[in-house]
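Visitor: Numbering (this note's numbering), first residue to last: 37 to 268.
Encoded as structure tokens, here's the structure I'll be asking about.
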Ligand SMILES: Nc1ncnc2c1ncn2[C@@H]1O[C@H](COP(=O)(O)OP(=O)(O)OP(=O)(O)O)[C@@H](O)[C@H]1O
Ligand SMILES: [Mg+2]
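The structure is reproduced here in structure tokens:
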């Protein structure tokens, strides 16, 4: 599903080069719930951004469902993201002037689907995240945990092949974090949804099918071997 070969990302800060990814190769299979873990600054978000087409790598190749995404132009990348990928961020990234249902419908509306169909799809995913009672609320009227569930619903509304989540539990307490992780596990199991999630919380490990450990912009193969079968 995702095939990455020798991926490098070098940021230029004035004259200084920061090598955030220094040659990462990996595969993620359809239907996996994969965790990306490693110390702060190791390149987890950078890796997720390259895989999710939110940024362009300095070199290397990324194949998603057989498409060499490094060859897509800007317009094709945008279309690919809209059709095939979903995102959940640490800060929810919702539009505060819109209702819950409207927020969730945005990716469907951007695909040009008829409005009533978009709202129907939004309502259906909001039911999955147990927010039917909040359809017409403005998002700032919701708790942090509820807002994160809205953003998960938004990520799922177009039934993307892959959902990317960058530390989605970072601003949540343990109980709400568990709800979010269980939600990801449920869509992963019930819908066969591929989920790639960055985390630095050791207790999240039990939720993942497999863990990709990163250190200093490279795969931490030593740690993957040490952690055993879970992280191959
Ligand atoms: N836009 C940028 N410009 C310059 N350097 C960057 C940029 N984004 C990230 N970096 C650098 O790249 C390295 C990896 O950053 P990244 O954000 O991927 O780490 P991370 O593993 O997600 O860390 P954290 O756990 O703190 O979120 C860091 O040294 C960071 O300072
Ligand atoms: Mg990060």
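Where a beta carbon is used, it is the ideal one built from N, C-alpha and C, also for glycine.
Going along the chain, which residues of its own chain have a beta-carbon closer than 8 Å to the beta-carbon of residue 130, five neighbours each way excluded?
Guide: 139, 175, 183, 186, 187, 190, listed in sequence order.
Visitor: What is the rounded straight-line gap between the Cα of residue 92 and the Cα of residue 197?
Guide: Taking the straight line joining both Cα atoms gives about 20 Å.
Visitor: Determine, using beta carbons only, whether residue 123 and residue 200 come nearer to each other than 8 Å.
Guide: A contact, by the Cβ cut-off of 8 Å.
Visitor: So, using beta-carbon positions, are residue 259 and residue 249 closer together than 8 Å?
Guide: A contact, by the Cβ cut-off of 8 Å.
Visitor: Can you find the residues in the same chain that come closer than 6 Å, C-beta to C-beta, to residue 223, ignoring five residues on each side of it along the sequence?
Guide: Here the set comprises 229.
Visitor: Pair every Cβ in the region 74-88 with every Cβ in the region 161-168, then say whether three or more of these pairs are closer than 8 Å.
Guide: No: fewer than three Cβ pairs fall under 8 Å.
Visitor: Does DSSP put residue 55 in a helix, in a strand, or in coil?
Guide: In the structure shown, residue 55 sits in a strand (DSSP, three-state: E or B).
Visitor: One question on the structure: do residue 37 and residue 235 come within less than 8 Å of each other, judged by their Cβ atoms?
Guide: No, the Cβ-Cβ distance between residue 37 and residue 235 is not below 8 Å.
Visitor: Please list, following the chain, all residues that have a C-beta closer than 7 Å to any non-hydrogen atom of ligand 2.
Guide: Output, sorted by chain position: 80, 81, 202, 203, 234.
Visitor: At what residues does the alpha helix (DSSP H) containing residue 187 begin and finish?
Guide: Unbroken alpha helix (DSSP H) run through residue 187: 180-192.
Visitor: How big is the Cα-Cα spacing for residue 203 and residue 149?
Guide: Their Cα atoms are separated by approximately 30 Å.
Visitor: Take the Cβ of residue 45 as the centre, count every other Cβ of all protein chains shown within 10 Å, and call the residue buried at 16 or more, exposed below.
Guide: When all chains shown are included, residue 45 counts as buried.
Visitor: State the Cα-Cα distance for the pair residue 194 and residue 153, rounded to the nearest angstrom.
Guide: The alpha-carbon atoms of residue 194 and residue 153 are separated by roughly 11 Å.
Visitor: Buried or exposed: where does residue 143 fall if 16 or more other Cβ atoms within 10 Å of its Cβ makes it buried?
Guide: Buried, since its Cβ has 16 or more Cβ neighbours within 10 Å.
Visitor: Does the distance between the C-beta of residue 179 and the nearest non-hydrogen atom of ligand 1 fall short of 7 Å?
Guide: Checking the Cβ of residue 179 against ligand 1 gives no.
Visitor: To the nearest angstrom, how far is it from the Cα of residue 247 to the Cα of residue 112?
Guide: About 30 Å.
Visitor: Applying the 10 Å Cβ sphere with the 16-neighbour rule, what's the burial state of residue 240?
Guide: Residue 240 is buried by the Cβ-count criterion.
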